[in-house]
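Below is one structure, written out as structure tokens, with a few remarks after it.
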Amino acid sequence: MSAQDLARDPLTGADPRARARSTGIYLVTDTAQCGPRGLVDTVRAAVAGGIRTVQVREKDASAAEFYARVLAVAEAVGDRALVLVDDRVDLYLAARAAGAAVHGVHVGQSDLPVAAVRQLVGPDAVVGLTANTPEHLAALAALPAGTVDHLGAGVIRPTATKKDHPEPLGIDGFARFAAAAPVPCVAIGGVTAADVAPLRAAGASGVAVVSAVCAAADPRQAAADLVREWNR
Numbered sequence: 001m002s003a004q005d006l007a008r009d010p011l012t013g014a015d016p017r018a019r020a021r022s023t024g025i026y027l028v029t030d031t032a033q034c035g036p037r038g039l040v041d042t043v044r045a046a047v048a049g050g051i052r053t054v055q056v057r058e059k060d061a062s063a064a065e066f067y068a069r070v071l072a073v074a075e076a077v078g079d080r081a082l083v084l085v086d087d088r089v090d091l092y093l094a095a096r097a098a099g100a101a102v103h104g105v106h107v108g109q110s111d112l113p114v115a116a117v118r119q120l121v122g123p124d125a126v127v128g129l130t131a132n133t134p135e136h137l138a139a140l141a142a143l144p145a146g147t148v149d150h151l152g153a154g155v156i157r158p159t160a161t162k163k164d165h166p167e168p169l170g171i172d173g174f175a176r177f178a179a180a181a182p183v184p185c186v187a188i189g190g191v192t193a194a195d196v197a198p199l200r201a202a203g204a205s206g207v208a209v210v211s212a213v214c215a216a217a218d219p220r221q222a223a224a225d226l227v228r229e230w231n232r
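End of the sequence shown = 232 in the UniProt record's numbering, gap-free, step of one.
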């Protein structure tokens, strides 16, 4: 996939970084929760249900397994959604070098410094960053404009998906955080369909889900229900 291809999104004609600033419902994958259906079929169903951003997260996979799953998800999604790689900038770069339609990365506070990430991935890739404290926002404000496209802010509620999560923000806490942030914020962590509309009203540019789709009996319907709540 060339730099020119990355800079334009066939789905909308917009560049991926512009789309990443307003993601709507955003799927973060968990292969274990997909069960016998598997990762690729779950992602395919979620995108068919209307999800337009997929972050491939593989905390327990080897580098080779993670890389293979990134390629498989990118192929399954085609031009219908943004595909972001969780944490592993090296795997994003490897997937791009292989011609995969991947659009960027999402990194945490303990990963590579986000300024270094931006230098590595270049000006056209999406860069998301986990953040949830005033100190994180202060550090972000010190970076050059355009380093980060959006923040993943949370958790909103306690969640078993991330066992070492910080104190939950709740919807009101998220609203205060998003209002203080210099870039759009995607709400994540323990979010249900009932939270989607309140989070959008609280200033979320998107709502990220894991188990609400990956563990659903019908991920396409689950995705469609979440998208409908977002579009209310």
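C-beta atoms are modelled at their ideal positions from N, C-alpha and C, and glycine is treated no differently.
Use the C-beta contact count for residue i: other C-beta atoms within 10 angstroms, 16 or more gives buried, fewer gives exposed.
| i | result |
| --- | --- |
| R232 | exposed |
| A3 | Unreliable placement is indicated for A3, whose pLDDT of 49 sits below 50; the coordinate value is still reported in the next sentence. Label assigned to A3: exposed. |
| G35 | exposed |
| A7 | Caution applies to A7, whose pLDDT of 48 falls short of 50 and renders its modelled position unreliable; the model cannot decide the point. |
| D9 | Unreliable positioning characterises D9 in this predicted model, as indicated by a pLDDT of 47, which lies under 50. The coordinate reading is nonetheless provided below. Label assigned to D9: buried. |
| G78 | exposed |
| E65 | exposed |
| D86 | buried |
| T12 | With a pLDDT of only 44 at T12, under 50, the local geometry of the prediction cannot be trusted, and the value read off the model is given with reservation. Exposed: under 16 other Cβ atoms inside 10 Å. |
| P158 | exposed |
| K16 | A small fix is needed here, since residue 16 is Pro in this sequence, not Lys. Answer is buried; the Cβ neighbour count reaches 16. |
| G38 | exposed |
Following the continuous alpha helix (DSSP H) through residue i, name the residue where it begins and the one where it ends.
| i | result |
| --- | --- |
| residue 243 | The first residue shown for the chain is 1 and the last is 232, placing residue 243 beyond what the model contains. |
| D195 | A193 to A201 |
| P219 | P219 to W230 |
| D60 | Looking at the DSSP string, D60 is not in any alpha helix (DSSP H), and its letter there is neither H nor E. |
| A18 | P16 to R19 |
| A44 | Going by the sequence as given, residue 44 is Arg instead of Ala. Start and end: L39 to A48. |
Would you grab the beta carbon distance between residue i and residue j for me? Rounded to a whole angstrom, and I think it's under 8 Å.
| i | j | result |
| --- | --- | --- |
| G203 | A178 | 4 Å |
| V89 | V121 | 7 Å |
| L91 | A63 | 7 Å |
| residue 236 | L137 | Here the chain has residues from 1 to 232 only, and residue 236 is not among them. |
| W230 | V183 | That pair is no contact at about 19 Å. |
| R206 | V186 | According to the sequence provided, residue 206 is Gly. The question's Arg does not apply to it. About 4 Å; that satisfies the 8 Å criterion. |
| H150 | R21 | 6 Å |
| V148 | L129 | 5 Å |
| A216 | A222 | 4 Å |
| A193 | A212 | 7 Å |
Can you tell which of the options has its C-alpha closest to the C-alpha of residue i?
| i | options | result |
| --- | --- | --- |
| V56 | R21, S22, G49 and A101 | A101 |
| A97 | V70, L112 and D111 | V70 |
| K59 | E167, D111, R37 and A187 | D111 |
| A208 | D30, R17, P134 and A18 | D30 |
| G50 | A61, L39, L27 and R37 | L27 |
| L93 | Q33, I25, V127 and A175 | V127 |
| D218 | T159, E135 and T42 | T42 |
| P113 | V47, A81 and A142 | A142 |
| I171 | Q109, A160, P198 and A95 | P198 |
| G99 | A72, H106, P123 and Q119 | A72 |
| A160 | V191, A153 and L140 | V191 |
Quick check: does the Cβ of residue i come within less than 7 Å of any heavy atom belonging to the ligand MN?
| i | result |
| --- | --- |
| A180 | Among the components of this structure there are no ligands whatsoever, and the ligand MN is therefore not found. |
Where do the ends of the beta strand (DSSP E) carrying residue i lie?
| i | result |
| --- | --- |
| T53 | T53 to V56 |
| A208 | G206 to V209 |
| G24 | G24 to V28 |
Counting only beta-carbon separations shorter than 8 Å, does residue i have a partner in chain B?
| i | result |
| --- | --- |
| V213 | Of the chains in the structure shown, none is chain B; there is only one protein chain. |
Checklist entry - Quick one: complete beta strand (DSSP E) runs, 3+ long, within the segment 77-155? => result 82-86, 104-107, 126-131 and 150-154
Review point. What are the complete alpha helix (DSSP H) segments, minimum 4 residues, inside the segment 167-191?
Key: Those alpha helix (DSSP H) runs which fall completely within the segment 167-191 and span 4+ residues are 170-180.
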